[in-house]
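Here the protein sequences come in this chain order: A and B.
So for the first sequence, my numbering puts the first residue at 1; every next one is plus one.
So for the second sequence, my numbering puts the first residue at 1; every next one is plus one.
Here's the structure, in structure tokens; my notes come after.
Number of protein chains: 2
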Amino acid sequence: MLSFSSNFAPTQGGERQMKDSFEALKEEMQSDKVGYYKLPTLSQKFVQLANSIDASSFSQIVVIGIGGSTLGIKAINSILRPITPSAKEMIFFENSDPIAISENLLKVNKEKACFFIISKSGGTIETTSIFKTIINYFSLDLSGADNNRVFAITDNDSTLSVFAKHHKLHEFNIPDNVGGRFSVLSAVGVVPLQMAGYDMSLLLNGAGDFITRFFENRESHLLEKAYSLYENSKTQSINVVFSYADRLEDLTKWYVQLWGESLGKLNGCEERVGLTPIGIIGSVDQHSFLQLIIEGPKDKSVTFIKINDFKNNLTIPDITLEGIEKTNFINNKSFNALINAQCDATMESLIQSGVNSDLITLDFISEENIGAMIVYYELLTSLLGTMFKVNTYNQPGVELGKVILYKNLENS
Amino acid sequence: MLSFSSNFAPTQGGERQMKDSFEALKEEMQSDKVGYYKLPTLSQKFVQLANSIDASSFSQIVVIGIGGSTLGIKAINSILRPITPSAKEMIFFENSDPIAISENLLKVNKEKACFFIISKSGGTIETTSIFKTIINYFSLDLSGADNNRVFAITDNDSTLSVFAKHHKLHEFNIPDNVGGRFSVLSAVGVVPLQMAGYDMSLLLNGAGDFITRFFENRESHLLEKAYSLYENSKTQSINVVFSYADRLEDLTKWYVQLWGESLGKLNGCEERVGLTPIGIIGSVDQHSFLQLIIEGPKDKSVTFIKINDFKNNLTIPDITLEGIEKTNFINNKSFNALINAQCDATMESLIQSGVNSDLITLDFISEENIGAMIVYYELLTSLLGTMFKVNTYNQPGVELGKVILYKNLENS
Numbered sequence: 001m002l003s004f005s006s007n008f009a010p011t012q013g014g015e016r017q018m019k020d021s022f023e024a025l026k027e028e029m030q031s032d033k034v035g036y037y038k039l040p041t042l043s044q045k046f047v048q049l050a051n052s053i054d055a056s057s058f059s060q061i062v063v064i065g066i067g068g069s070t071l072g073i074k075a076i077n078s079i080l081r082p083i084t085p086s087a088k089e090m091i092f093f094e095n096s097d098p099i100a101i102s103e104n105l106l107k108v109n110k111e112k113a114c115f116f117i118i119s120k121s122g123g124t125i126e127t128t129s130i131f132k133t134i135i136n137y138f139s140l141d142l143s144g145a146d147n148n149r150v151f152a153i154t155d156n157d158s159t160l161s162v163f164a165k166h167h168k169l170h171e172f173n174i175p176d177n178v179g180g181r182f183s184v185l186s187a188v189g190v191v192p193l194q195m196a197g198y199d200m201s202l203l204l205n206g207a208g209d210f211i212t213r214f215f216e217n218r219e220s221h222l223l224e225k226a227y228s229l230y231e232n233s234k235t236q237s238i239n240v241v242f243s244y245a246d247r248l249e250d251l252t253k254w255y256v257q258l259w260g261e262s263l264g265k266l267n268g269c270e271e272r273v274g275l276t277p278i279g280i281i282g283s284v285d286q287h288s289f290l291q292l293i294i295e296g297p298k299d300k301s302v303t304f305i306k307i308n309d310f311k312n313n314l315t316i317p318d319i320t321l322e323g324i325e326k327t328n329f330i331n332n333k334s335f336n337a338l339i340n341a342q343c344d345a346t347m348e349s350l351i352q353s354g355v356n357s358d359l360i361t362l363d364f365i366s367e368e369n370i371g372a373m374i375v376y377y378e379l380l381t382s383l384l385g386t387m388f389k390v391n392t393y394n395q396p397g398v399e400l401g402k403v404i405l406y407k408n409l410e411n412s
Numbered sequence: 001m002l003s004f005s006s007n008f009a010p011t012q013g014g015e016r017q018m019k020d021s022f023e024a025l026k027e028e029m030q031s032d033k034v035g036y037y038k039l040p041t042l043s044q045k046f047v048q049l050a051n052s053i054d055a056s057s058f059s060q061i062v063v064i065g066i067g068g069s070t071l072g073i074k075a076i077n078s079i080l081r082p083i084t085p086s087a088k089e090m091i092f093f094e095n096s097d098p099i100a101i102s103e104n105l106l107k108v109n110k111e112k113a114c115f116f117i118i119s120k121s122g123g124t125i126e127t128t129s130i131f132k133t134i135i136n137y138f139s140l141d142l143s144g145a146d147n148n149r150v151f152a153i154t155d156n157d158s159t160l161s162v163f164a165k166h167h168k169l170h171e172f173n174i175p176d177n178v179g180g181r182f183s184v185l186s187a188v189g190v191v192p193l194q195m196a197g198y199d200m201s202l203l204l205n206g207a208g209d210f211i212t213r214f215f216e217n218r219e220s221h222l223l224e225k226a227y228s229l230y231e232n233s234k235t236q237s238i239n240v241v242f243s244y245a246d247r248l249e250d251l252t253k254w255y256v257q258l259w260g261e262s263l264g265k266l267n268g269c270e271e272r273v274g275l276t277p278i279g280i281i282g283s284v285d286q287h288s289f290l291q292l293i294i295e296g297p298k299d300k301s302v303t304f305i306k307i308n309d310f311k312n313n314l315t316i317p318d319i320t321l322e323g324i325e326k327t328n329f330i331n332n333k334s335f336n337a338l339i340n341a342q343c344d345a346t347m348e349s350l351i352q353s354g355v356n357s358d359l360i361t362l363d364f365i366s367e368e369n370i371g372a373m374i375v376y377y378e379l380l381t382s383l384l385g386t387m388f389k390v391n392t393y394n395q396p397g398v399e400l401g402k403v404i405l406y407k408n409l410e411n412s
């Protein structure tokens, strides 16, 4: 279960906007203009498909993709691994960094590996370049012996789909109405993670339950948070997500893409809008970023994420260190209690300093809770998109760099 | 060698401020008010001290610390490891996260490990709690058999120093005039990294050469960058560092602390000042954050970091993927060429979009170049501190949270 609290000032006159935004999402969902709302139901079939594949000979799941094709998979893999000790190793090839690729190639044992190539459009330059490198390095025989260890996840009629059909590879499709950064609950996330040994059915259930709650009960805290962020966006243009658990770091990277690409836009009124997302980790970043939040420009709101019960009893031993006796008050307390006390104290210090803050509490780490977290952020993003009057689901700003890259490379 | 370029507009009327800031740093250095400027020379003695310790039985260097006590060590360890294949494993205990600590404990083989406990003040709550846990978990006999595998790095008269003297541990001190986040070139970084097998003497040489260049030749590009960031800080309140290499990620985390804690302050005129630092990685974050920079609020400047020669020949094979033939133009090119072409194209697209951008190019990864990068950022931070009229070297804003934490924990 997730619970929510905040010190947001009550919104004045936002009822109309909140109602409109809620209705806009309902319309997106009902008309199938936007597809992610229905993935928790639609994607259960991919759980079955993944289970029907004999993966017993694979102990490594290699994922080749970038951006929306990997960020969500990495987030779920990171968070659920401690509660899924039997999960298979996952190796991600993302960046065009030659050192990173070379190091990763050494980790892969071809005979024990299966390879997922994931690209919505099919022609992503990093993904295809790395895939060619892997074909060459491991001498993959795509139409013969290695045909069963390579899986393509892509749009129905993409160039990668043409390739997959040519070699009769396993192929899984992403619905046309689901964008890359909203695709983690499509085949993109479900198939590789289920094959790795995670229970994606439970995760989809948690996601589906939260979406149902939202459309049936409106989840007013979510609407109010969206409106507060929107209303204050001119002065509080940065939203910091302060997660108190190391393993939430990849989720914050997923959130950074979701917000950055969805909301950072020229809107219908030719205004540059959006909120700059920053993900940090507690308690570590209390020693790094907190000073700036407290005393620097008042341009930030902060969302805390905490895990109530880590299901871990590691306790600070009752030891006195000569000279450092003043830290003895923490002896016999659990690290679970310490990190959450740090979260609470930091949030209280921000509230006392006048910083808009809210808190998301997971009772514990579970597939259902992570599924709910994912759609919580997707719904929040969609709500903000309607308030900012942007097209939440495109990313026109990145095209110029691609045009320049292709021109420069073709002339070099 | 580092080289620098930018599209910053020529600063108008900034000559006086730049001269004053340069003189202020010179005065800080000459008067010994601020100590980091002289570390490249002073810390050579720690290279010798580290070399004089028989580390042959240690294959794991365990570092217990947080914030300024680990961020710089992690940054150097990440970047230099590919060119230092003989470097020993380093394991970092930082966060009070019980799962992270429990997982890390399983990685440590006590008989092969030495332990660095690093805390400037001595009483950091995470560090002492984790240290107690390690003493207990590995049954460390600090006054007996394990006395030679535990090292303390701390201020001369800190509580940790009292503890180290009590047990006659190896102890290395941080100069009083060097703050935690400026301490990577003190014993904090030099001793554990030298013992791990990195050539810290070369790194200090690179740092020292850059400091000498700065004070002798003024490095006008650095002064101009500082002034441009300062002059535009009201409208461009975010500085994004876009590093095109996976292994630069930890350096950006070090930079985030350096800028965040040094500049995010109430200044002498009771103004909230500072620049919000964000570190991202190319090409990956072209698929995540770039859209927001290009089309979102114009509140960002962007610093690109690129490595000219990765010393890696990995090349995209001359393979045609049926259906994806349009990516063939990249065949036979190296990933080194691809990632740098992506950096150049992205920077060009930002400049065309009117975003203030600059570029730092490392000719290749070397100890000297990383030493120079570190002091480049330290000098830039100090220059900005004088312009913002803040005390660059304190962090008063984090105290409130500590007071609340101690009160809550003592009452719990």
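Each residue gets a CB set at the ideal place from its N, CA and C atoms; glycine is no exception.
Closer than 9 Å to chain A by CB, residue i
i: Y230 (chain B); result: no
i: I319 (chain B); result: yes
i: G323 (chain B); result: yes
i: K168 (chain B); result: no
i: D358 (chain B); result: no
i: L160 (chain B); result: yes
i: E367 (chain B); result: no
i: L314 (chain B); result: yes
Residue j beta carbon less than 9 Å from that of residue i
i: E178 (chain B); j: G67 (chain B); result: Here residue 178 (chain B) turns out to be Val, not Glu, going by the sequence shown. No, Cβ-Cβ distance for V178 (chain B) and G67 (chain B) is not below 9 Å.
i: I73 (chain B); j: P192 (chain B); result: yes
i: R181 (chain B); j: L80 (chain B); result: no
i: I339 (chain B); j: S3 (chain B); result: no
i: F93 (chain B); j: I125 (chain B); result: no
i: S96 (chain B); j: I117 (chain B); result: no
i: V273 (chain B); j: V390 (chain B); result: yes
i: G371 (chain A); j: F210 (chain A); result: yes
i: A245 (chain A); j: I99 (chain B); result: yes
i: G144 (chain A); j: G323 (chain B); result: no
i: I238 (chain A); j: K300 (chain A); result: yes
i: Q421 (chain A); j: G282 (chain A); result: As displayed, chain A neither begins before 1 nor continues past 412, which places residue 421 (chain A) out of reach and without an answer.
i: A113 (chain B); j: N408 (chain A); result: no
i: I91 (chain B); j: S366 (chain B); result: no
Option nearest residue i by Cα separation, candidates the options
i: K33 (chain A); options: A:M90, A:I281, A:S382; result: A:S382
i: I280 (chain A); options: A:L292, A:T327, A:G274, A:E271; result: A:L292
i: V375 (chain A); options: A:F172, A:T124, A:A207, A:Q352; result: A:A207
i: G354 (chain A); options: A:E224, A:N104, A:I294; result: A:I294
i: C269 (chain B); options: B:L142, B:L248, B:M387; result: B:M387
i: T128 (chain A); options: B:S228, B:Q352, B:S183, B:F335; result: B:F335
i: F8 (chain B); options: B:I316, B:Y230, B:L275; result: B:Y230
i: N312 (chain A); options: A:F364, A:T327, A:P297; result: A:F364
Those residues which DSSP pairs with residue i across a bridge
i: N173 (chain A); result: A:T154
i: G279 (chain A); result: A:V241
i: R213 (chain A); result: None; R213 (chain A) has no bridge partner.
i: D358 (chain B); result: B:S6, B:T303
i: A113 (chain A); result: A:Q60
i: I118 (chain B); result: B:I153
Proximity test, Cβ basis, 9 Å: residue i and chain B
i: L25 (chain A); result: no
i: A345 (chain A); result: yes
i: N291 (chain A); result: The amino acid at residue 291 (chain A) is misidentified as Asn; the sequence shows Gln. At least one chain B Cβ lies under 9 Å of Q291 (chain A).
i: F335 (chain A); result: yes
i: K110 (chain A); result: no
i: I73 (chain A); result: no
i: T386 (chain A); result: no
i: Q395 (chain A); result: yes
Chain C residues whose Cβ lies nearer than 9 Å to that of residue i
i: G189 (chain A); result: The displayed structure is made up of protein chains A and B, and chain C is not among them.
Residue i CB to nearest heavy atom of the ligand COA below 8 Å
i: G189 (chain A); result: Looking at this structure, you won't find the ligand COA or any other ligand, since it has none at all.
Between the segment 156-170 of chain A and the segment 8-26 of chain A, are three or more C-beta pairs nearer than 8 Å? no
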